[in-house]
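Data first, discussion second: the structure below is written as structure tokens.
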Amino acid sequence: MENIRNFSIIAHVDHGKSTLADRILDICGAITAREKKDQLLDNMELERERGITIKAQTVRLNYTAEDGKEYIFNLIDTPGHVDFSYEVSRSLKACEGVLLLIDASQGIEAQTLANLHLATEHNLTVIPVINKIDLPNADLDMVKHQLEDILCIDAEEAILTSGKSGIGVKDLLEAVVKRIPPPKGDPAGPLKALVLDSWYDSYRGVVVLARIFEGTLTPAMKIRFMGTGTEYPMTQMGIFAPFAREVKSAGPGEVIFLNASIKTVADTKVGDTVTDAANPAPAPLEGFKEARPMVFSGLYPVEGDKYGALREALEKLHLNDASFEFLPETSAALGFGFRCGFLGLLHMEIIQERLEREFNMNLITTSPTVSYRLTVMPGDVRIIDNPNSLPEHYEMIEEPVIRATIFTPDEYLGPIFALIEEKRGVQEKLEYIGVKRVMVVALLPLNEVVLDFFDKLKTATKGYASVDYENHGYQPAQLVKMDILVNGDPIDALGFIVHKDKAYNFGRDIVSKMRELIPRQMFDVAIQAAIGSRVISRETVKALRKNVLAKCYGGDITRKRKLLEKQKEGKKRMKQIGNVEIPQSAFLAVLKR
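Residue numbering for the sequence shown follows this note's numbering, starting at -17 and increasing by one per position.
This is the structure:
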């Protein structure tokens, strides 16, 4: 145990975590020249394509230090994007220390700060690393100044590296040996292992990744999951080094994977404690704080008979990603589907793409919404995430608010303030963190952020701004439910909760879009946006009409009028009994907005 070191690499997006992990693998001799490839630990096709890490990956390495001692490193490469911070907090639970990476040209960004807070919450040893020092625009003085000013870390402690060329990586590994403490635990005590991750393998069933805190695990044991109470005989256990390798026993401080012919995905919850069924631990380990979804969207299969396959696919993804939730829902327009909760827009996009690629699903995704808090009467408070669940009478409605931290060059402050105002935000704080770099903290309603805030922020700052956010609870707001009516009938799939001040423009946009997409009928079709009984916008799809005057080549005007009146009466009768079929393309265009 004295020779084990468990550590994670944390940083903002694109500060070089996966590349540094590649160099560490090289120096420890974990891979041969034939196996070598960039971002080796990003093994999902989607990760390699987008150049981002989505799932935290574990690898066990052997390292010979300068003093000649052999050490075992359990290294966890983590994602950098704000939507996957749940993956980071899970990884930190398995570590005693972290490498906090900072790009030498970009300096400290939003996620650097957020990830440091996570590490200090877990009481971990932090080793600051200034990466990419070989870039021509690297500014070491600026980064050291920021380290001391913003993070309150002594700049002398920072290690200078380049993940690409390998400069300083050997010094970094020596610092890991000297500064990060070894794990603690009693190998003879009752087994306690924390489930960090689990995924479904079509040959071996559910594979569980766990960090052992107490006791010793062997393949001959019968294990028990303390949360669900289920027991399984072990079939295999091993380590990733970086490829799977079997081991015969493991003690405190080690990160291992195990198979026990587990068929049901619900039995292996992330954060559960694994113990020995014959000699169980008296109490489980403290799990993880539940990740609350922030953004909700409907997922529907294009072919209705694929509903069961979609449910199965969602269950398998939920096992692998505990921060994602889903509930069945029905829509008159789109059929049977699921209401899904995500941590953010990128998370939603990744889940959708994984369903399409890994499970061959063809999906319709509705426009993202958020959950609101509703006080129907004193003592009756509900959380609703679907506009159709909003009752007619209630006392108060509150919307979720986030605290956003934006790092930007100061020349873009004007457009950022304009964007915050447009999104109904309130600026809380402004602080210079360098000669030309500014940190802006603002409170923003989440329903304004989910649609296009990040795109607009990147456009306004030419891609230079970085943003991180945290949940800030609820605040009362003037929100109204808007219905879209076609020929006087509300459409269930097109109900929206919008802010009173933006309702008119929003309604006008929707009805004008619907007018282009609904095919013409034999009678006039009225499309209206209404708040309660008040119509705020209307468009009409004109009727197809036969030219009844074609045979009149002159003569008395009353004859023409008689034919037109007769046609008008027929159209009126048709409208009373006529039914408008709204094509799926119209729903998709409106719901995707």
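Ideal Cβ positions, reconstructed from N, Cα and C, are used throughout, including at glycine.
Helix, strand or coil for residue i, going by three-state DSSP, please let me know.
i, result
"Leu526", "coil"
"Met464", "strand"
"Gln128", "helix"
"Asn25", "Legend: pLDDT at Asn25 = 49, less than 50; position of this residue unreliable, value from coordinates given subsequently. Of the three classes helix, strand and coil, the one that applies to Asn25 here is coil, per DSSP."
"Asn370", "helix"
"Glu97", "Checking the sequence shown, residue 97 turns out to be Asn, not Glu. Residue state, collapsed to three classes: helix."
"Ala511", "strand"
"Tyr289", "helix"
"Arg206", "strand"
"Asn487", "helix"
"Ile58", "strand"
"Met421", "strand"
"Ile90", "coil"
"Leu531", "coil"
"Gly396", "helix"
"Asp153", "helix"
"Gly79", "strand"
"Phe225", "coil"
"Gly503", "This sequence places Gln at residue 503; Gly is not what is there. Coil, per DSSP."
"Asn429", "helix"
"Glu410", "strand"
"Val70", "helix"
"Ser494", "helix"
"His454", "strand"
"Asp8", "helix"
"Asp437", "helix"
Apply the 10 Å Cβ neighbour rule to residue i and answer buried if 16 or more other Cβ atoms are within range, or exposed otherwise.
i, result
"Asn25", "Interpretation of Asn25 is limited by its pLDDT of 49, a score under 50 that renders its predicted location unreliable; the figure taken from the coordinates is listed afterwards. By the 10 Å Cβ count, Asn25 comes out exposed."
"Glu236", "buried"
"Thr200", "exposed"
"Leu439", "buried"
"Met343", "buried"
"Cys534", "exposed"
"Glu498", "exposed"
"Asn97", "buried"
"Arg555", "exposed"
"Ile365", "exposed"
"Asp437", "exposed"
Based on DSSP bridge pairs, tell me the residues matched to residue i.
i, result
"Asp179", "Leu191"
"Gly577", "In this structure the chain extends from -17 to 575, so residue 577 is not present and cannot be described."
"His481", "Leu461"
"Lys174", "Glu196"
"Thr255", "Leu176"
"Tyr282", "Ile346"
"Gln218", "Asn241"
"Asp121", "BP columns for Asp121 are empty, so no partner."
"Ala232", "Leu199"
"Val363", "Thr357"
"Arg(-13)", "Phe55"
Flag this pair as yes or no: are the beta carbons of residue i and residue j separated by less than 8 Å?
i, j, result
"Tyr394", "Ala447", "yes"
"Lys544", "Leu531", "no"
"Val70", "Leu57", "no"
"Thr441", "Ile398", "no"
"Leu129", "Val111", "no"
"Ala525", "Arg502", "yes"
"Val358", "Pro373", "yes"
"Ile141", "Leu133", "no"
"Lys51", "Asn(-15)", "yes"
"Met216", "Met208", "no"
"Asp131", "Asn113", "no"
"Gly639", "Ile194", "As shown, the chain starts at -17 and ends at 575. That puts residue 639 outside it, with no answer to give."
"Arg5", "Gly167", "no"
"Tyr456", "Pro382", "yes"
"Val423", "Thr387", "yes"
"Ala157", "Thr94", "no"
"Val432", "Leu337", "no"
Does the beta carbon of residue i fall short of 7 Å from some heavy atom of the ligand ADP?
i, result
"Leu433", "By its list of ligands, the structure shown contains no ligand whatsoever, and the ligand ADP lies outside what it can speak to."
Does the stretch 90 to 107 touch the stretch 68 to 81, meaning 3 or more C-beta pairs lie closer than 8 Å?
At 8 Å Cβ cutoff, the stretches touch.
Contact between the stretch 182 to 194 and the stretch 305 to 315: three or more CB pairs below 8 Å?
Counting Cβ pairs under 8 Å, fewer than three are found: no touch.
Is there contact here, the stretch 233 to 244 with the stretch 171 to 188, by at least three beta-carbon pairs under 8 Å?
Because the criterion of three Cβ pairs below 8 Å is met, the stretch 233 to 244 and the stretch 171 to 188 touch.
Validate contact between the stretch 500 to 510 and the stretch 406 to 425 using beta carbons, cut 8 Å, 3 pairs:
Contact fails: fewer than three Cβ-Cβ distances are below 8 Å.
Answer yes if the stretch -10 to -1 comes into contact with the stretch 162 to 175, meaning at least three C-beta pairs across the two stretches below 8 Å, and no otherwise.
Counting Cβ pairs under 8 Å, fewer than three are found: no touch.
Is the number of C-beta pairs between the stretch 108 to 127 and the stretch 86 to 97 that are closer than 8 Å three or more?
Three or more Cβ pairs closer than 8 Å define a contact, and the stretch 108 to 127 meets that threshold against the stretch 86 to 97.
Decide yes or no for the touch test of the stretch 423 to 435 against the stretch 467 to 474: beta carbon pairs closer than 8 Å, at least 3 of them.
No, the stretch 423 to 435 is not in contact with the stretch 467 to 474.
Is the stretch 369 to 388 in contact with the stretch 279 to 292, if contact means three or more CB pairs nearer than 8 Å?
No: the two stretches stay apart, fewer than three of their Cβ pairs being nearer than 8 Å.
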